Amino acid sequence: MSSLLVDDIGELVTNDFGGEAGPLGIRRDAALLVEEGRVAWIGPARDAPAADRRIDAGGAAVLPGFVDSHAHLVFAGDRAAEFAARMAGQPYTGGGIRTTVGATRAASDDELRATVRRLHGEAMRQGTTTIEIKSGYGLTVADEARSLAIAAEVSEETTFLGAHVVPAEYADRPDDYVGLVCGPMLAAAAPHARWIDVFCERGAFDVDHARAILACGQAVGLGVRVHANQLGPGPGVQLGVELGAASVDHCTHLTDADIDALASADTVATLLPGAEFSTRSPYPDARRLLDAGVTVALATDCNPGSSYTSSMPFCVALAVREMRMTPAEAVWAATAGGARALRRDDIGVLRPGARADLSILDAPSHLHLAYRPGVPLIRQVLRNGVPQ
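Each residue of the sequence shown is one higher than the one before, starting from 68 at the first, in the working numbering.
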């Protein structure tokens, strides 16, 4: 059995151990042993066991791989002109999704696969070791199924988002489209998906349609996620809590009742600051959520329209600067928080038995992720204990 020792770690973020180690479970002057893709031992560097191979962290910080629990990587084309228009003052409405739908339908499998692999690799180089990938730019039975099949080639966390928007051909028949999503489309998509999601928002799906679609997904064994309260106040958060969703995502416009509902449930509030950055929209009030005891995750929302970034370090920096999160809270939300949003306990944490997904920084502390925004600080990434 081959083993790998990562030693001379100046600061090890574990998201475990607690107590004096704080919320990030920080251990100093540490080492970590990997066997068969899992963490086998963590302890002081001076007590490190022998191993077949060694990586010297050189006194740098090591943290769990980022868990990006909300991304849309299966698409064709881009919407750079739309971004430029927003920067010139045009408001974001979500209507550009249909532009990407047209390009995605026209693309070949190989073209879609190349985009997914490019963005997946881009995210990995920035420390992301688990990424959730949604469909939602096909909106036909065949296109949603192929989108998820391609996504499943690089991630075990795939989400059926046939209810992204109502496509143009069903604009006057939304009930018929909901029937398609709940029937043939779900049947074709479910074998390639772990989750089902709905964009419950004005201009997309109302609460009754969203509830019906999510219930159909639950009936065939898919977990629930919800795009909620991005463009304004609405019923999405309450619906997610009602259905036991693993996560409600965006959470930009929340009432006191929404926050109370999240605080009393195990549904995670996943915040996507890249979307607010790219749309010049108000940022979610992370401080309000955290102070209420809500579990918060951070994710990129990587997509060609409203958040074309794959960088979790960028989202960490935005969360600290714009959403009043401490660096420790933001790093936890981007690692352990993302794992909670995917209902996983084997990732986003470094402890014996967990998957050996980690990043070695070109920095002495996790603080540098927010302190040095835009600087490529990820020196090396291990996934399942294998250097990437």
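Beta carbons are placed, not taken as given, at the ideal position from N, Cα and C, and that holds for glycine.
Computed from a predicted model, the values in this text were never measured in an experiment.
When we look at the beta-carbon of residue 163 and count the other beta-carbons within 10 Å, is it buried (16 or more) or exposed? buried
Starting from residue 264, follow its DSSP beta bridges and name the residues at the other end. Residue pairing from DSSP places residue 264 in a beta bridge opposite 292.
For residue 179, which residues in the same chain have their Cβ closer than 8 Å to its Cβ, ignoring the five residues on either side in sequence? 141, 142, 143, 171, 213, 214 and 217.
Could you tell me whether the stretch 437 to 454 touches the stretch 191 to 202, using the rule of 3 or more Cβ pairs below 8 Å? The stretch 437 to 454 vs the stretch 191 to 202: in contact.
Kindly indicate which three-state DSSP category residue 227 falls into: helix, strand or coil? strand
Does the beta-carbon distance from residue 195 to residue 379 come in below 8 Å? yes
Compare the C-alpha of residue 209 against each of 223, 222 and 227 and name the closest. 227
Sequence ranges, beta strand (DSSP E) only - wholly within the stretch 82 to 133, length at least 3: For the stretch 82 to 133, whole beta strand (DSSP E) runs of length 3 or above, ordered along the chain, are 94 to 102, 105 to 111, 120 to 123 and 128 to 131.
Residue 139 to residue 222 span [Cα, whole Å]: 12 Å
Where residue 450 sits in the DSSP three-state scheme: Per DSSP, reduced to three states, the secondary structure at residue 450 is strand.
Using 8 Å as the cut-off, can you tell me whether the stretch 415 to 435 makes contact with the stretch 292 to 301, which would need three or more C-beta pairs spanning the two stretches below that distance? no
Please go through the same chain and pick out, in chain order, the residues whose beta-carbon is closer than 6 Å to the beta-carbon of residue 386, but skip the five residues on each side of it. 340, 365, 392 and 397
On the DSSP letters alone, give me the boundaries of the alpha helix (DSSP H) that residue 428 sits inside. Residue range 425 to 428 is occupied by the beta strand (DSSP E) that includes residue 428, with no alpha helix (DSSP H) assigned at that position.
Taking the alpha helix (DSSP H) that residue 217 belongs to, which residues open and close that run? 208 to 218
Determine, using beta-carbon pairs with one atom in the stretch 148 to 159 and one in the stretch 333 to 347, whether at least three such pairs fall under 8 Å. Yes, the stretch 148 to 159 touches the stretch 333 to 347.
Going by DSSP, name the residue or residues bridged to residue 433. In the DSSP output, where bridge partners are listed per residue, residue 433 has none listed.
Rounded to whole angstroms, what is the Cα-Cα separation between residue 93 and residue 79? 5 Å
I need the boundaries of the beta strand (DSSP E) containing residue 315, first residue and last residue. Secondary structure note for residue 315: its beta strand (DSSP E) is the uninterrupted segment 314 to 317.
Pull up the distance between the alpha-carbon of residue 278 and that of residue 306, whole angstroms please. 7 Å
Whole alpha helix (DSSP H) elements within the stretch 295 to 347, 4-residue minimum: Within the stretch 295 to 347, the complete alpha helix (DSSP H) segments at least 4 residues long are 303 to 309, 323 to 330 and 340 to 346, listed from N- to C-terminus.
Out of 375, 342, 437 and 330, state which residue places its alpha-carbon closest to the alpha-carbon of residue 319. 342
Between which two residues does the beta strand (DSSP E) carrying residue 273 extend? Per DSSP, residue 273 belongs to no beta strand (DSSP E) and is neither H nor E.
Bridge partners - residue 352, DSSP secondary structure assignment: DSSP lists no partner for residue 352.
Whole angstroms is fine: what's the gap from residue 303's alpha carbon to residue 408's? 16 Å
Tell me which same chain residues have a C-beta within less than 8 Å of the C-beta of residue 112, skipping the five on either side of it? Excluding sequence neighbours, residue 112 sits near 74, 75, 76, 96, 97 and 98.
Beta-carbon separation (whole angstroms), residue 232 vs residue 165, contact threshold 8 Å: 6 Å
Cβ-Cβ separation, residue 133 to residue 405 (assumed contact under 8 Å), whole Å: That belief holds up - the Cβ atoms of residue 405 and residue 133 are roughly 7 Å apart, short of 8 Å.
Residue of 197, 292 and 323 minimising C-alpha distance to residue 352: 323
Which word fits residue 311, buried or exposed, when buried means at least 16 other C-beta atoms lie within 10 angstroms of its C-beta? Exposed: under 16 other Cβ atoms inside 10 Å.
Beta-carbon within less than 6 Å of residue 395's beta-carbon, same chain only, minus the 5 sequence neighbours each way: which residues are those? 90 and 91
For residue 392 and chain C, any beta-carbon pair shorter than 8 Å? Although the question refers to chain C, the structure presented lacks it and comprises just one protein chain.
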